[in-house]
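Inspection log for the structure reproduced underneath, given as structure tokens.
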Amino acid sequence: MTECGIAVGLNHAGKQMVGAGRMSASDLIPLQPWATYIRPYSAGTFSRQQGTPSAAMTNPIKFIDAMEILDSRGNPTLRVTVVLVNGTIGMASVPSGASTGRFEARELRDGDISRYGGKGVRSAVRNVVEVIGPRLHGQDVSRQAEIDHLLVQLDGTPDRSRLGANAIVGVSMAVARAASAAARLPLYVHLGGSSACRLPVPMMNVINGGSHADNTLDFQEFMIVPHGAPTFAEALRYGAETFHALKAILKSRGFRTAVGDEGGFAPDLESNEAACALIIEAIRATGLKPGTDVALALDPAASAFAGDGGYELARSGGGRKTASELTKLYRSWVHAYPIVSIEDGLGDQDWEGFREHTALLGADLQIVGDDLYVTNTQFLSRGIKEHATNAALIKLNQIGTVTETIEAIAMCRDAGWNYVVSHRSGETEDTFIADFAVAMGGGQIKTGSLCRSERIAKYNRLLEIERELGSRAIYSSPFRNPMRVALHS
Ligand code: PGA
Ligand code: ZN
Numbered sequence: 196m197t198e199c200g201i202a203v204g205l206n207h208a209g210k211q212m213v214g215a216g217r218m219s220a221s222d223l224i225p226l227q228p229w230a231t232y233i234r235p236y237s238a239g240t241f242s243r244q245q246g247t248p249s250a251a252m253t254n255p256i257k258f259i260d261a262m263e264i265l266d267s268r269g270n271p272t273l274r275v276t277v278v279l280v281n282g283t284i285g286m287a288s289v290p291s292g293a294s295t296g297r298f299e300a301r302e303l304r305d306g307d308i309s310r311y312g313g314k315g316v317r318s319a320v321r322n323v324v325e326v327i328g329p330r331l332h333g334q335d336v337s338r339q340a341e342i343d344h345l346l347v348q349l350d351g352t353p354d355r356s357r358l359g360a361n362a363i364v365g366v367s368m369a370v371a372r373a374a375s376a377a378a379r380l381p382l383y384v385h386l387g388g389s390s391a392c393r394l395p396v397p398m399m400n401v402i403n404g405g406s407h408a409d410n411t412l413d414f415q416e417f418m419i420v421p422h423g424a425p426t427f428a429e430a431l432r433y434g435a436e437t438f439h440a441l442k443a444i445l446k447s448r449g450f451r452t453a454v455g456d457e458g459g460f461a462p463d464l465e466s467n468e469a470a471c472a473l474i475i476e477a478i479r480a481t482g483l484k485p486g487t488d489v490a491l492a493l494d495p496a497a498s499a500f501a502g503d504g505g506y507e508l509a510r511s512g513g514g515r516k517t518a519s520e521l522t523k524l525y526r527s528w529v530h531a532y533p534i535v536s537i538e539d540g541l542g543d544q545d546w547e548g549f550r551e552h553t554a555l556l557g558a559d560l561q562i563v564g565d566d567l568y569v570t571n572t573q574f575l576s577r578g579i580k581e582h583a584t585n586a587a588l589i590k591l592n593q594i595g596t597v598t599e600t601i602e603a604i605a606m607c608r609d610a611g612w613n614y615v616v617s618h619r620s621g622e623t624e625d626t627f628i629a630d631f632a633v634a635m636g637g638g639q640i641k642t643g644s645l646c647r648s649e650r651i652a653k654y655n656r657l658l659e660i661e662r663e664l665g666s667r668a669i670y671s672s673p674f675r676n677p678m679r680v681a682l683h684s
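Just so it is clear: in the sequence shown, position 175 is 370 by this note's numbering, and no numbers are missing.
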């Protein structure tokens, strides 16, 4: 609460609320399908409205349903529905990565090549309905940690490969949603408490390369970071205007403006660095200041081009580089462009390279481990001990449950690290991570570009949350040295 108190007067969100009046949590519940919501399931009604006090205190799970749906790449994934005895439901859909870390929890795919090229998830659906559902029947839905522990035990493998990480994470997220609905709280309040009022600064992936696009760029993500905006809503405008300016520039130079998996453009540029220069031009074209208003972030996703003891920049024709050479290349970019964050600048096996990388760049740059840690406290604790990075990417489906994800975040917090809640390149219209990012209070989210509805759904949900919070909303830069990037303005 004290944090929110400080925000009053610092933040402009209150101005947007003029005329909207102050909202209470119960006003906010039935906003849109993916927000935390309560509605009767078939003929059921809510225990809180008609039940006895003791019935209102526990909310047992009646059954769990699941179905095969499609993700944003047209690949099958799961949608899970948790149904409580009192009729409340919670739903969640499961994302899927392309540049997955070596030690991520494993999705279960059917392997039946007569359906979806083997990518069907009917076996994972069956595991939810026939194995997990009966085991969780009667469990109090508000006991997330206990339920997640049961899921892990029931699977019994270190990589979640028996029941499938996709089945497990879908259930875990749907349980959180059903619990928030039963408590009549928005998901971000249910998971983060009443002090959850910090909107995340988005990292918006406006130029795609690597395994997310078929172009000449080795590096996977070139992102804009509107950290100088006064509110999340303004940050979104900065991002969208820069995105449109970038499109116009690309078009005027004869580059294609088709987009990659996360909605960023995927032009055939002459070099990786050219992407940074183009983005700076686009920021300037909108009248915004590069660095001060909108900074840059990179996710080279270097595991994808890591080879035997080196890095092959084959797509751009940039040749072979050692870890030290690649780190020095990044350093030269940091001097030339207002970069605030580099994620997976090296491969997920290259612990030694990362130590040098962070020693050289980490003093005033956010160095993020994604494939390196896979949201797993086992790898994170090593990273913290060895100063391999100074921040972590957080993906629920890399580890498999909401509770373990929160444990990974707690470890980052204890170490004084930043953490970035992230989407996957294969997404759905589910907005769980928008609420989750606010609940966790880390002040950062990575959820793609400024087009494609599976990305925009998260941004739109964050707009709703900012509006709900009104003058309590905080939007502030999480970066260590904003003055350094301001020099680029
Ligand atoms: P992925 O990419 O979802 O394909 O793993 C996202 C990232 O690397 O951050
Ligand atoms: Zn990444």
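Cβ coordinates follow ideal geometry from the N, Cα and C atoms, glycine included.
**Message:** Please classify SER367 as buried or exposed, where buried requires at least 16 other C-beta atoms within 10 Å of its C-beta.
**Reply:** As a first step, residue 367 must be located in the sequence shown, where it is residue number 172. Result: buried.
**Message:** Quick check on LEU265: buried or exposed, where buried means 16 or more other Cβ atoms within 10 Å of its Cβ?
**Reply:** Your numbering for residue 265 matches position 70 in the sequence shown. So LEU265 counts as exposed.
**Request:** Please name the residue in GLY282, ALA261, ARG274 and ASN403 whose C-alpha comes closest to that of ASN254.
**Result:** Numbered from its first residue, the sequence shown carries residue 254 at position 59. That would be GLY282, whose Cα lies nearest to the Cα of ASN254.
**Message:** Tell me the rounded alpha-carbon separation between ASN467 and HIS582.
**Reply:** As a first step, residue 467 is located in the sequence shown; it is residue number 272 there, counting from the start. As a first step, residue 582 is located in the sequence shown; it is residue number 387 there, counting from the start. Distance between the alpha carbons of ASN467 and HIS582 is about 27 Å.
**Close Cβ partners of ILE478 (< 8 Å) along its chain, the five nearest in sequence each way excluded** = Against the sequence shown, residue 478 aligns to sequence position 283. So the qualifying residues of the chain are ILE419, THR437, ALA440, LYS484, PRO485, ASP488 and VAL489.
**Request:** Let me know the alpha helix (DSSP H) ranges lying completely inside the stretch 444 to 515, each 4 residues or longer, listed in chain order.
**Result:** 467 to 480
**Item:** Same chain, Cβ closer than 6 Å to ALA629, neighbours up to 5 away in sequence not counted
**Value:** Translated into the one-based positions of the sequence shown, residue 629 becomes position 434. Excluding sequence neighbours, ALA629 sits near LYS653, ARG656 and LEU657.
**Asked** Which of helix, strand or coil does DSSP assign to LEU273?
**Response** The sequence position of residue 273 within the sequence shown is 78, counting from 1. Residue state, collapsed to three classes: strand.
**Message:** Any residue with its Cβ nearer than 6 Å to a heavy atom of the ligand ZN should be included. What is that list in chain order?
**Reply:** ASP494, ALA496, GLU538, ASP539, ASP565 and LEU588
**Prompt:** Can you tell me the Cα-Cα spacing of ILE327 and ASP409, whole angstroms?
**Reply:** On the sequence shown, residue 327 is found 132 positions in, with the first residue counted as 1. On the sequence shown, residue 409 is found 214 positions in, with the first residue counted as 1. Approximately 39 Å, taken between the alpha carbons.
**Message:** Can you list, in chain order, the residues of its chain with a C-beta nearer than 7 Å to that of ARG451? Leave out the 5 residues immediately preceding and following it.
**Reply:** Numbered from 1 along the sequence shown, position 256 holds the residue referred to as residue 451. So the list reads PRO462, once near-sequence residues are dropped.
**Message:** I'd like to know whether the C-beta atoms of GLY619 and PRO395 end up nearer to each other than 8 Å.
**Reply:** Mapped onto the sequence shown, residue 619 falls at position 424. Mapped onto the sequence shown, residue 395 falls at position 200. In the sequence under discussion, the amino acid at residue 619 is Arg, which differs from the Gly named in the question. Not in contact: ARG619 and PRO395 (Cβ atoms no closer than 8 Å).
**Prompt:** Distance, Cα to Cα, LYS516 vs PRO533?
**Reply:** In the sequence shown, the residue the question calls residue 516 occupies position 321. In the sequence shown, the residue the question calls residue 533 occupies position 338. Between LYS516 and PRO533, the C-alpha separation is close to 23 Å.
**Request:** From the DSSP output, in three-state form, read off ASN400 for me.
**Result:** Looking up residue 400 in the sequence shown gives position 205. DSSP places ASN400 in strand when its eight states are reduced to three.
**Request:** Please classify GLN348: is it buried, with 16 or more other beta-carbons within 10 angstroms of its beta-carbon, or exposed?
**Result:** Counting from 1 along the sequence shown, the entry for residue 348 is found at position 153. GLN348 comes out exposed.
**Message:** Check whether the stretch 329 to 342 and the stretch 288 to 304 are in contact - that is, three or more C-beta pairs closer than 8 Å.
**Reply:** no
**Request:** Write down every uninterrupted run of the alpha helix (DSSP H) in the stretch 545 to 628 whose length is 4 residues or greater and which is fully enclosed by it, in chain order.
**Result:** 546 to 556, 572 to 581, 591 to 594 and 597 to 610
**Item:** Identity of the residues DSSP links to GLY285 by a beta bridge
**Value:** Here residue 285 refers to the residue found at position 90 when the sequence shown is read from its first residue. Answer is VAL277, bridged to GLY285.
**Request:** Give, in chain order, every unbroken run of the beta strand (DSSP E) that is at least 3 residues long and sits entirely within the stretch 388 to 442.
**Result:** 396 to 403 and 416 to 420
**Prompt:** With distances taken between CB atoms, is the gap from VAL615 to LYS580 smaller than 8 Å?
**Reply:** For the purposes of this step, residue 615 is taken as residue 420 along the sequence shown, with counting starting at 1. For the purposes of this step, residue 580 is taken as residue 385 along the sequence shown, with counting starting at 1. No, the Cβ-Cβ distance between VAL615 and LYS580 is not below 8 Å.
**Asked** Which whole-angstrom value is the C-beta distance of GLN415 and PRO495, which I expect to be below 8 Å?
**Response** Walking along the sequence shown from the start, residue 415 turns up at place 220. Walking along the sequence shown from the start, residue 495 turns up at place 300. With a Cβ gap of about 6 Å, GLN415 and PRO495 count as contacting.
**Message:** If distances are taken between C-alpha atoms only, which option among ALA509, LEU380 and LEU491 comes closest to GLU538?
**Reply:** By one-based count along the sequence shown, residue 538 stands at place 343. Nearest C-alpha to GLU538: LEU491.
**Asked** At what residues does the beta strand (DSSP E) containing LYS641 begin and finish?
**Response** Taking the sequence shown and counting its residues from 1, the one referred to as residue 641 is at position 446. LYS641 -> beta strand (DSSP E) spans 639 to 641.
**Request:** Determine the closest residue to ALA509 out of PRO329, LEU345, PRO271 and THR411, with distance taken between C-alpha atoms.
**Result:** Along the sequence shown, read from residue 1 onward, the residue named residue 509 stands at position 314. With distances taken between Cα atoms, ALA509 lies closest to THR411.
**Asked** Taking 7 Å as the cut-off, does the CB of GLN639 come closer than this to any heavy atom belonging to the ligand PGA?
**Response** Counting from one through the sequence shown, the residue named residue 639 turns up at place 444. Flag unset: Cβ of GLN639 not near the ligand PGA.
**Asked** Just to confirm, does ALA293 get its C-beta within under 7 Å of one of the non-hydrogen atoms of the ligand PGA?
**Response** As a working mapping, residue 293 is identified with position 98 in the sequence shown. Yes, the Cβ of ALA293 comes within 7 Å of a heavy atom of the ligand PGA.
**Item:** Cα-Cα separation, ILE308 to LEU345
**Value:** The residue you call residue 308 lines up with position 113 of the sequence shown. The residue you call residue 345 lines up with position 150 of the sequence shown. Computed Cα separation, rounded: 32 Å.
**Message:** Taking the beta strand (DSSP E) that ASP176 belongs to, which residues open and close that run?
**Reply:** Because the chain here runs from 196 to 684, residue 176 falls outside it and cannot be looked at.
**Whole-Å CB distance - MET262 paired with VAL320, under 8 Å assumed** = In the sequence shown, the residue the question calls residue 262 occupies position 67. In the sequence shown, the residue the question calls residue 320 occupies position 125. 6 Å between Cβ atoms; contact.
**Message:** Since TYR670 and ALA424 should fall inside the 8 Å C-beta cutoff, what is the C-beta to C-beta distance between them, to a whole number of angstroms?
**Reply:** Here the question's residue 670 lines up with position 475 in the sequence shown. Here the question's residue 424 lines up with position 229 in the sequence shown. With 8 Å as the limit, TYR670 and ALA424 qualify as a contact, their Cβ atoms being about 7 Å apart.
**Item:** Distance between GLN639 and GLY514 (C-alpha atoms, nearest Å)
**Value:** Walking along the sequence shown from the start, residue 514 turns up at place 319. Walking along the sequence shown from the start, residue 639 turns up at place 444. In a straight line, the C-alpha of GLY514 is about 33 Å away from that of GLN639.
**Item:** Sufficient close CB pairs (3 or more, under 8 Å) joining the stretch 598 to 618 to the stretch 568 to 578
**Value:** yes
**Request:** Check the C-beta distance from GLY387 over to VAL563 and give it rounded, since I have them as a contact under 8 Å.
**Result:** Sequence index remark: in the sequence shown, residue 387 carries index 192 (1-based). Sequence index remark: in the sequence shown, residue 563 carries index 368 (1-based). The pair is not a contact, with the Cβ atoms about 22 Å apart (cut-off 8 Å).
**Message:** Assuming HIS530 and GLY540 are in contact, meaning their beta carbons sit under 8 Å apart, how far apart are those beta carbons, in whole angstroms?
**Reply:** Taking the first residue of the sequence shown as 1, we reach residue 530 at position 335. Taking the first residue of the sequence shown as 1, we reach residue 540 at position 345. No, HIS530 and GLY540 are not in contact; Cβ-Cβ is about 15 Å, not under 8 Å.
**Prompt:** At a cut-off of 7 Å, is ARG510 close to the ligand MN when judged by its beta-carbon and the heavy atoms of the ligand?
**Reply:** Looking for the ligand MN in the displayed structure turns up nothing; the ligands present are the ligand PGA and the ligand ZN.
**Asked** How many angstroms separate the CA atom of ALA376 from the CA atom of ASP350?
**Response** Locating residue 376 in the sequence shown gives position 181, where the first residue counts as 1. Locating residue 350 in the sequence shown gives position 155, where the first residue counts as 1. Going from the Cα of ALA376 to the Cα of ASP350 covers about 27 Å.
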